[in-house]
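J.: Could you have a look at this structure, given as structure tokens, before my questions?
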Amino acid sequence: MPSVDWLALGLARLRDERAASAAFLLVVFVTSLLFALSPRLYERAREEALTTELADARSSDRGIELSQETRIAPAPGDAPTELIAEAGRQAELRLPGSVRGLIAGRSFIVESPRWLPVERILLTTVILRIEQGTTDRVRYVVGGPPTGQVEMGSGAAVFQAALSVSAAAALGLTADDIEAGAVMQLERDTSDPLAVSAVPIAVRFTGLFEPPVSLVEDEWFDDLSIIRPRIRRFSAEDSFTDVVVVISPEAYPALFAEAADPPFRMRFAWRYHIDPARLEIDRLPQIAADVRRMEGLYRDRAVGPGTESMAALQSRLLVLIERHIERWRSADLVLVTAGTGPVGLAAISLGSFAVLIATRRERSLATARARGASMAQVVGASLVETLVLAVPASLLAGAFSLWLVQGPPWEPTATAVALSGGLAVAMVIGAVAVRARSGPRGPDAPRSGRWGSYRRVSFEVAIVAVALGGTLLLQGRGVGRSPEQATGPGVDILLAATPGFCGLAAGLVASRLYPILAGLIGRVTNGRRDLVPALALRRASREGRTGPVLVVLVAAAMIGTFSAAMAAHLERSTLAVAWHDVGASHRMTVGGGALPTGFDVSGISGVEAVAPAHRADAVSQNRTRFEFLAIDAMALKQVIGGTPADAAIPTALAASTADPLPAIISNEASPSGGEPIAPGDVFPLTVAGRPIMFVAVTTRETFATLPVDGPFVVTSLAAFRALEPDLELPVTDLFVRAADSATGALRDAASTVDEGRLEVRSEQTNGMLFAPIMVAVLAGIAASALAAGLYAALAVAAAIGAAGRGRMTEAAQLRTLGLSRRESLGLAVIEHLIPTLVAFTLGTVGGAGLFALVQSSIGLQQVIGSTLEVASTLRWEYVLLLLAALVGVASGGITVAAVAERRVRPTTEIRRGLE
Amino acid sequence: MTEALSAGGRARIGGAAHIECDGLVHIYKVADLEVVALQGLDLLVQAHEVIAVVGASGSGKSTLLDILAGSKTPSAGRAVVNGNDLTRMGRRERTRYRRRVVGFVWQQTQRNLLPYLAAIENVELPMVLDGRSRTRPRAMVLLHLVGIAERADARPDRLSGGEQQRVALAVALANSPPVILADEPTGELDSRTSAEIFGLLRQVNAELGTTIMIVTHDALVSEEVGRTVSIRDGRTSTETVHRREEVTDGGYRIISEEFAMLDRAGRLQLPRSHIERLALARRVRLRLEEDHVGVWPDDAGDDGR
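So, in structure tokens, the structure goes:
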């Protein structure tokens, strides 16, 4: 047999400590796996969210449109619009590379200047348009698509055109007219600057088409001009109807040459369709920067031949990306804040295991030191042994996480694996070094005083100070860093760790005060004959064995409560925001307009109450814009009474006549620019061009459907109408109280109105709750709480294991005095039950209190996407779950202790204890 | 007690002694309480000597052993072992001292041996710690010496108490230390096994010349050692010198002669039995006679009666 060497010594020790080694290996594996998996899952969720958000956005919002009013000559040959397409291709080449990579499709449109029908149709113009792919997207009900043939008739060029059913109606044409090939004479619209050189033309209608069933395909780019005439408002009351008719691309040369002398400018628009699936999360900041640069680039650069007008870029891609970044930055804040607590508990758990391992090695360390082992030899041997366990466990966990969630990111995974493995090794080595340093006699080193060593007291004081200071800073500053300061995720990690520090501080304070509490309770139980509680409490009050367990339980309870409060707040806020945004169970509006006079849904089955309202803009004396809402107060009370949108509307707003008009005004609103308006103050606002006097009845922070962060005024619709009878105040909003079963019928009713919309509160709530970001955040919070509970259980088990020898000796001594096994179990129960209750009480109060202090600073509202403030709350189901978890952890500890004590052989343990 | 004069003429305890303790004091704290374990202990052990240190619980004998083993540092006084001044050693010297100068045998067998190593591997461990190579042959020699070579591959839990102590002794001898310290080596053994272990210690002393100090409660030890030092209240109180005298029937008898210890300050600890017998309290009368010093209770007359 070869001589023994260090590796053989280490492996022999690991074999001897199989259970502890296996437990340590498992803890390292689980910790590394959690740390490695979390960022991968988060990135995956974020990527899917980004794709979903962009896919759900309108194609014109996520796409890019470059438009320009210019002249582009037709290309010779069979493809007269080739030069137009080429201009678009050249423009695309000038886009940043990262943006080019997102483009999945291209199209262009060409629009002529506006023409007026010679046989006047009031306030109606005609625009000729060339649009790619029209024929494939529409269904002709009469005739067919136009050709490029241009006739000459009555001295004017006659272009073939097709139009939609709505367009035909706007022009007063019937299907029979179209079938007969009606010709419409057109002359230039002098109000259009592009029509300067236009000569009269005519159009012969060759076809009438209906829109497809669905108008949301990307090809439309949200431009339904050829389906529905465009309304062009030039005053509050007046508007033009621009009817767009479709001509063939082959007609372009004729339009360019024959419709104007010299050729007029036309409106060109090149559209680049963005594929959401091509966006990658890790390249998002770069893409945002490139899009920003692109917008600046195209402000002063012409996209096509000639520089008659500047190219305009239209895209909300940057807005979508920045909104995504901002919301997910908020999600980062929330998840990092939720996650640092469990990370701290993981560290404590690893530390507890490290202490357990070092405790089990204590005798061997003492023997080795007495035989002349130096500190370096002892620590070196332990390092090799620990690496043998930790490295494979960490690597395996990393590989497993890569297999579970494939693809990037790689760096966070590698960092997490290295950190968790390294932390585990460092803790074990630290614990071993501390044990070994106490000398060959090991644990005989005397304790240093009633309060512990100065180092320990200083450490505890420092933790408490950091917790208090962090809370104040977090409350004042928030947990995010400004984009200029942020080099990583934009989260101040130290501040985000405040809940964890607070949990630890509360636990340390509790462990100091617990002996006093146990002593007080013990005095009460002393008067009874039952020995068990008296003994358990006396032990707890005089010895520090409960300390580590109590610290972990309090920290876990506080972190768990904080997480529960975050989750409850998000859910409650989502509900509140949905009620605020919709204002009732259902709300009908018209895009930018009013509902038709007499529009009524009260007869629909399931509709319980209806309240009309008029929404407009108002302007104050100091030119401040106010959101103005005139309501039918009585009707609205019936609609929102008993719902979260119930706003306690003052009875003054139910008045049918009043002068000045009673109003609810927003807090801090100052129409004159001076002091904010107070109840009783009279103030003027201009509404619909009329100066109106209002008297403030009350001030409010918010009012349903009105923006949270801007000034608003709410008044009585009836009183307003009575005061200004000649002012038309159409119904713009219809608040409806209805059952969910009425939603379908209400939606049908809304669709009968041009651009009519129905908002459903329950759908909005679900949309927000099940949005990818909310799912990711809530899942992350739940996972953090679960991890906190798991690590708390591990830490408690390890702490009990480390105290095992002393406990077993004591149990043996008591058993020799006649304590039964049942009484021994009773000791364990009381010893763990009271700390559990203390931890639950302290943790719940502390966690809820901390959340109430800092809730506005951790980015929860930004996750929801609203600045509406909602009071913090704690759901009792979560509190019960927390109590159950703590009891579970304590029960585990009791079970471990009870099993160990059942295996006690009194004489053996006593002899060991006498050493 | 051997004295030597230093250059300044002041008497220095020790001289050429192998183990020299001069006014050794050790104070430690337990909670808020200071415990004075040693109160100025003087002790000399010559090279190759086998002595026993006896005393009641709390007398300071384990503390003395810890100091001589290099595990604790005295609060005051001087302790020199084989020329190594224990009060002036740094951490590295102390580690080397524990490897090469002293070997230790504890009472509890679990403290002597690592449970996950075989007997021979336990013996090799101190040599490996000292950086030696080819440790196996020497380990086998030592196991032969202590009479347990055939159990070289057995782990401690497979060995009896006596066998474990034999292995422990081999471990203590691994790096050929000049001094062996044993703290109650037979405390957990029966009398027959105890006798075997003491015999082994004598054999080691005879064959290897190792100086051996045994701390013990065992009354039998006086037959096994040349000198027994009694410690009381942190100081050496008496020494009993043992010698064997052959008797006419071929056997032998142990002649023990007890001496009270006089420290450097001239202080003397009287045996408790004498104190109680004469009701000596607080102060006594001394009279110098021609060849002795008389001690009388405070209430005695001029003639000592």
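Top line first, the protein sequences correspond to chains A and B.
Residue numbers -19 to 895, in this note's numbering, belong to the letters of the first sequence in order.
Residue numbers 59 to 363, in this note's numbering, belong to the letters of the second sequence in order.
Every residue gets a Cβ at the ideal spot worked out from N, C-alpha and C, and that includes glycine.
In whole angstroms, what is the alpha-carbon distance linking Glu99 (chain A) and Ala231 (chain A)?
T.: 24 angstroms
J.: Checking contacts by CB at 7 angstroms: is Arg341 (chain A) closer than that to chain B?
T.: no
J.: According to DSSP, Ile838 (chain A) sits in a beta bridge with which residue or residues?
T.: DSSP output for Ile838 (chain A) lists no bridge partner at all.
J.: Run through chain B and tell me which residues come within less than 7 angstroms of Ala(-8) (chain A), C-beta to C-beta.
T.: Tyr174 and Leu175
J.: Could you work out which residues of chain B lie near Ser354 (chain A), taking near to mean beta carbons separated by less than 7 angstroms?
T.: Thr153
J.: Less than 7 angstroms separating the beta-carbons of Ala442 (chain A) and Phe9 (chain A)?
T.: Cβ atoms of Ala442 (chain A) and Phe9 (chain A): not closer than 7 angstroms.
J.: Grab the span of the alpha helix (DSSP H) containing Asp597 (chain A) for me, first residue to last.
T.: Element bounds for Asp597 (chain A): not the alpha helix (DSSP H) but the beta strand (DSSP E), Val587 to Val599.
J.: To the nearest angstrom, how far is it from the Cα of Arg192 (chain B) to the Cα of Val186 (chain B)?
T.: 9 angstroms
J.: Between the beta-carbon of Met54 (chain B) and the beta-carbon of Leu239 (chain B), is there less than 7 angstroms?
T.: No information on residue 54 (chain B) is available, as it lies outside the stretch 59 to 363 that chain B covers here.
J.: Is it buried or exposed, Gln841 (chain A), if we count other Cβ atoms within 10 angstroms and call 16 or more buried?
T.: Result: buried.
J.: Under the rule that 16 or more other beta-carbon atoms within 10 Å means buried, what is Trp383 (chain A), buried or exposed?
T.: exposed
J.: Write down the C-beta distance between Val843 (chain A) and Ile753 (chain A) rounded to the nearest angstrom, noting that I regard them as a contact closer than 8 angstroms.
T.: 6 angstroms
J.: Would Asp(-4) (chain A) pass as an interface residue toward chain B - the criterion being a Cβ-Cβ separation below 7 angstroms?
T.: yes
J.: With a cut-off of 8 angstroms, do at least 3 Cβ pairs link the segment 309 to 318 of chain A to the segment 761 to 772 of chain A?
T.: yes
J.: Taking 7 angstroms as the CB-CB cut-off, is Pro423 (chain A) touching chain B?
T.: Any answer about Pro423 (chain A) is weak, because its pLDDT of 40 lies below 50 and its placement is not dependable; what the coordinates show is given next. False, the Cβ-Cβ gap to chain B never drops below 7 angstroms.
J.: Would you kindly work out how many angstroms separate the C-alpha atoms of Val587 (chain A) and Asp720 (chain A), rounded to a whole number?
T.: Distance between Val587 (chain A) and Asp720 (chain A), taken at the CA atoms: about 9 angstroms.
J.: Shorter than 7 angstroms from the beta carbon of Pro184 (chain B) to some beta carbon of chain A?
T.: Yes, Pro184 (chain B) counts as interfacial toward chain A.
J.: With 7 angstroms set as the bound, which would you pick, yes or no: does the beta-carbon of Leu126 (chain B) sit closer than that to a beta-carbon of chain A?
T.: So, not an interface residue.
J.: Look at Ala598 (chain A) and Phe606 (chain A) and say whether their C-beta atoms are less than 7 angstroms apart.
T.: yes
J.: Report the three-state DSSP secondary structure of Trp95 (chain A) (helix, strand or coil).
T.: strand
J.: Is Arg208 (chain A) buried or exposed, if buried means 16 or more other CB atoms sit within 10 Å of its CB?
T.: That one is buried.
J.: Counting only Cβ pairs nearer than 8 angstroms, list the residues of chain B close to Thr347 (chain A).
T.: Arg169, Asn170, Leu171 and Leu172
J.: What does DSSP give as the partner residue(s) for Cys79 (chain B) in the beta ladder?
T.: B:Leu101 and B:Ala137
J.: How do the segment 478 to 497 of chain A and the segment 443 to 453 of chain A stand: do at least 3 beta-carbon pairs fall below 8 angstroms, yes or no?
T.: With a cut-off of 8 angstroms, the segment 443 to 453 of chain A and the segment 478 to 497 of chain A count as touching, because enough Cβ pairs lie within range.
J.: Alpha carbon to alpha carbon, how far is Phe15 (chain A) from Gly621 (chain A)? Give it in angstroms, no decimals.
T.: When rounded, the distance between both Cα atoms is 48 angstroms.
J.: Please tell me whether Arg156 (chain B) has its Cβ less than 7 angstroms away from any Cβ of chain A.
T.: So yes, Arg156 (chain B) belongs to the interface.
J.: Is there at least one Cβ from chain A nearer than 7 angstroms to Leu187 (chain B)'s Cβ?
T.: yes
J.: Identify the contact partners of Gln357 (chain A) in chain B, using a Cβ-Cβ distance below 8 angstroms as the criterion.
T.: Leu187
J.: Note the first and the last residue of the continuous alpha helix (DSSP H) segment covering Phe256 (chain B).
T.: Element bounds for Phe256 (chain B): Ser249 to Leu266.
J.: To which residues does DSSP link Trp390 (chain A) through a beta bridge?
T.: In the DSSP output, where bridge partners are listed per residue, Trp390 (chain A) has none listed.
J.: Whose CA, out of B:Cys79, B:Glu242, B:Gly113 and B:Gly118, lies closest to the CA of Gly292 (chain B)?
T.: B:Gly118
J.: Taking only three categories from DSSP, how would you classify Leu144 (chain B)?
T.: coil
J.: Give me the Cβ distance between Ala589 (chain A) and Gln618 (chain A), rounded to the nearest whole Å; I'm assuming they're in contact under 8 angstroms.
T.: 4 angstroms
J.: With C-beta atoms as the reference, is Val93 (chain B) less than 7 angstroms away from Ser133 (chain B)?
T.: no
J.: Can you confirm whether the segment 293 to 307 of chain B touches the segment 98 to 106 of chain B when touching is taken to mean that 3 or more C-beta pairs between the two stretches lie within less than 8 angstroms?
T.: yes
J.: My assumption, with CB atoms under 8 angstroms, is that Leu291 (chain A) sits in contact with Tyr278 (chain A). Please give the rounded CB distance.
T.: The amino acid occupying residue 291 (chain A) in the given sequence is Ala; Leu does not appear at that position. Rounded, the Cβ-Cβ distance is 5 angstroms, consistent with contact.
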